[in-house]
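One structure is given below, encoded as structure tokens.
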Amino acid sequence: MPEIPELEHIARLLSDRLSGRPISNIDIQKPIVIRLPREDFEAGLLGAEFTSVERTGKFLLFHTNRDSVMAVNPMLTGRFQWTSGPHGKSKAHARTCFTLKFQNSEEDFGIRYIDERYLGKVYLVDADDLDRVPVLNEQGPDALDPSLDQEEFLKRLKRYRGQVKNALVNAKFIAGIGNAYSDEILFNAGIHPFTKISTLPDERRIELYEAIHETLNWAAEIAAREIDQQVDKKPRDFLNVHRKGGDPCPRCGSPISEVAPNRRVTSFCRTCQPS
Ligand SMILES: [Zn+2]
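According to the working numbering, the sequence shown is numbered sequentially starting from 1.
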């Protein structure tokens with residue numbers, strides 16, 4: 001699933017290219033992802049303009065000039081794709097859910113929302129009603145929110161009893177981190193993913209807080225470079241451990257372990273992350 005490093009760049013790209021252009025056409029192929037009557041979705045967006053696209057947690061919030069917000073929760077497999085690129089019109093993906101076209105000098109300029117598993121959810125609400133959007137209204141502070149300082153992080157962590165990886169991917173704890181970057185953060189912090197939070201001394205909790213910022217900022221820079229203009233791309237090859245089971249650990253050379261409790265792949269180095 002897309003996480004903070006990719007979504008940061010994608011939000012900026014969408015904001016730059018879509019803002020201030022009236023939506024001229026809406027084509028809905030798979031209404032299941034749209035969590036309101038399709039007529040309301042169409043009427044709400046047709047002729048409107050996005051004024052900015054913002055990321056919070058794993059949500060993308062498309063603010064409009066009608067004081068409304070299209071809130072997109074891409075879940076596991078949702079993503080956007082331009083309808084046309086530098087090489088002309090791009091072929092529509094079979095799992096396209098809806099397409100928005102924009103008035104533009106380029107012909108057919110627009111975005112498609114694609115979802116392999118149709119699990120994503122798209123809402124259109126008044127800007128004042130964002131707290132009615134499911135999941136969004138329950139999420140904790142964004143992992144990169146400046147108000148989530150070390151003190152606040154430690155305070156929030158105290159409320160969690162379970163394994164450290166489970167807390168990192170829990171949006172109610174902090175938002176924007178998923179399976180891939182939780183593995184990377186724990187590798188950088190040298191913490192075993194299944195360690196119980198209650199057993200972590202304060203200095204290791206602080207190391208975890210620092211690893212969150214270091215890892216996400218490091219990855220955001222690389223993801224931005226690799227995605228460039230391709231909003232549908234999710235570069236992950238550069239990661240240190242996630243999905244690198246069997247490969248040598250980049251730090252110590254021993255093989256990276258990969259386990260999948262509850263069908264969620266967790267990758268880590270037993271030498272660098274002993275406990
Ligand atoms: Zn190692």
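Yeah, the Cβ is synthetic: ideal placement off N, Cα and C, and Gly gets one too.
Nearest candidate by alpha-carbon position, reference residue i, set the options
{"i": "residue 12", "options": "84, 56 and 109", "result": "56"}
{"i": "residue 198", "options": "4, 129 and 167", "result": "167"}
{"i": "residue 157", "options": "200, 134 and 116", "result": "200"}
{"i": "residue 248", "options": "269, 73 and 236", "result": "269"}
{"i": "residue 29", "options": "63, 112, 10 and 76", "result": "112"}
{"i": "residue 94", "options": "44, 116 and 121", "result": "116"}
{"i": "residue 5", "options": "144, 136 and 73", "result": "144"}
DSSP beta-bridge partners of residue i
{"i": "residue 49", "result": "22"}
{"i": "residue 54", "result": "61"}
{"i": "residue 27", "result": "99"}
{"i": "residue 248", "result": "255"}
{"i": "residue 35", "result": "Beta-bridge pairing links residue 35 to no other residue."}
{"i": "residue 84", "result": "89"}
{"i": "residue 126", "result": "68"}
The beta strand (DSSP E) enclosing residue i, as first and last residue numbers
{"i": "residue 73", "result": "68–73"}
{"i": "residue 64", "result": "59–64"}
{"i": "residue 118", "result": "Per DSSP, residue 118 belongs to no beta strand (DSSP E) and is neither H nor E."}
Distance, residue j Cα to residue i Cα
{"i": "residue 32", "j": "residue 119", "result": "9 Å"}
{"i": "residue 225", "j": "residue 81", "result": "17 Å"}
{"i": "residue 131", "j": "residue 91", "result": "36 Å"}
{"i": "residue 204", "j": "residue 178", "result": "21 Å"}
{"i": "residue 160", "j": "residue 68", "result": "35 Å"}
{"i": "residue 133", "j": "residue 230", "result": "28 Å"}
{"i": "residue 220", "j": "residue 232", "result": "15 Å"}
{"i": "residue 210", "j": "residue 189", "result": "8 Å"}
{"i": "residue 256", "j": "residue 140", "result": "31 Å"}
Proximity test, residue i beta-carbon vs ligand 1 heavy atom, cut-off 6 Å
{"i": "residue 97", "result": "no"}
{"i": "residue 271", "result": "yes"}
{"i": "residue 251", "result": "yes"}
N-terminal and C-terminal residue of the alpha helix (DSSP H) that residue i is part of
{"i": "residue 278", "result": "Within the shown structure, residues of the chain are numbered from 1 to 275, placing residue 278 beyond reach of any answer."}
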